[in-house]
Structure formats: C-alpha cells, structure tokens
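Below: the structure, in structure tokens.
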Amino acid sequence: MTYLGVTISHNLDFQSHYSKICAKANQLLGLLQRTLHPCDRNTKSVAFNSIVRPVLEFATPVWNPAKKKHIDQLESVQRKAARFACKDYQRTSSVTSMCNQLGWPSLESRRNMYDVTLFYKMQYNYVDIPFPEDITPNSSSCRGHSLKFNIPYSRLNVHKSSFFPRTVKL
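Following numbering that gives the first Met the number 0, the numbering of the sequence shown begins with 0 at its first residue and continues without gaps.
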C-alpha cells in the first residue's frame, strides 16, 4: 500500500519502499549523467542536491532504515553521484573523500538530523503533532545532560526502529 508517497507493507517493513526510491533516484541520476556530462562539479552537485536527494529524503522520519543493508542501499546512490560529480571512477579512489570535498554529509546523518529536528518541534509544539505521554525526561542526573529522555520499552524490533525509540537514542 502506498500512502502519501511512502510504500508500507502489512508488517511495517519498508523494504519495498527502499527499493522503489533507490530505483527512482538511480533513474534520475542516470538522467543527470546523460544531460550534465560536460558540466563542472558545482553544477552536478547542485543538480544532485535539488533533483535526486529529495527523492531519497522524502518523509524520512516515517521510514528511516535500521538495517545496514538498507542504509547501504540508499547511500550507494549518493556514492555513485559523488563519483559522477568528481569525474572519478577509479576503484582505488575514496568516495568518502569525494563526498567530503563536495560538502555532502552521509544520508544517514541527514536522516538523523531530520529526526531530531522533528522531535524538537513536536516537544515544543512547533508542529501540530502531539508529543506522546510515555516519552518522559530522564530524571537521573548521573550522566549526560538534562535534556535526555527515557527510552520507551520496545518488545518488537518494528517498534525499536520506529520514530520515538530511534530518536530518543540519538
């Protein structure tokens, strides 16, 4: 079932969604590669950030992947785009350093930033999404800072990787 552009299965597994958005992002990246081949690095970077990355980041607080294979599947699109933007397809070249040169943080770190931002907005009523009653501030002052929250109990892996338990751990 697709709801507001997010494909959801009956067991809340987003694997089909990951495959779908990676295919669409790779299709758009292929279009950019055919169209912008003679352009400079900055033009390619701006095109990726404005055309392909939004496809990879749409509604991420809902479907942020927990499994390494899904994270890598999404990151592979950005890594391929970094090679394209830098015109460096050698196997010995570091794609991580290319991303750093382009000023592209990992998609995983960007998804975490979106999660924390939405959590903050919910906590201080900047968005009209109610903050759950079971998410309470941590009363222990032993470690960390005063803005920590108690991690809600999760018996199922589906719940452990959902928005609130995932974001509270950050």
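C-beta: ideal position from N, C-alpha, C; glycine also.
Point to revise | Separation of Cys38 from His158, as counted between CA atoms | key: 45 Å
Exercise for review: Output the residue ranges of the alpha helix (DSSP H) runs that lie fully inside the region 64-105 and measure 4 residues or longer, sorted by chain position.
Suggested key: 67-85 and 94-101
**Study point:** Three-state secondary structure (DSSP) of Tyr2
**Key:** strand
Point to revise | Within 9 Å, strictly: CB atoms of Thr166 and Leu106 | key: no
**Study point:** Residues that Phe148 bridges to, as DSSP identifies them
**Key:** Pro136
**Study point:** Exposure of Lys79, with buried meaning 16 or more beta-carbon neighbours within 10 Å
**Key:** buried
Check your understanding: What is the DSSP secondary structure of Cys38, reduced to helix, strand or coil?
Key -> coil
Check your understanding: Touch check for the region 123-131 and the region 82-97: three-plus C-beta pairs under 8 Å?
Key -> no
Review point. Taking the alpha-carbon positions, what's the Val61 to Pro136 distance?
Key: 23 Å
Review point. Once you ignore the five residues that flank Ile150 on each side, which residues in its own chain have a CB closer than 8 Å to its CB?
Key: Pro164, Val167 and Lys168
Practice item. Give the secondary structure of His16 by DSSP, where H, G and I count as helix, E and B as strand, and everything else as coil. Key: helix
Practice item. Using the Cα positions of Ser108 and Asn63, report the straight-line distance between them to the nearest angstrom. Key: 11 Å
Practice item. Could you pull the start and end residues of the alpha helix (DSSP H) that Leu55 belongs to? Key: Arg52 to Glu56
Review point. Between Gln72 and the rest of its own chain, which residues show a CB-CB distance below 6 Å, the 5 nearest in sequence each way excluded?
Key: Tyr17 and Cys21
Review point. With Val76 and Leu30 assumed to form a contact (beta carbons below 8 Å), what rounded beta-carbon distance in angstroms separates them?
Key: Contact flag wrong, Cβ pair sits at about 13 Å.
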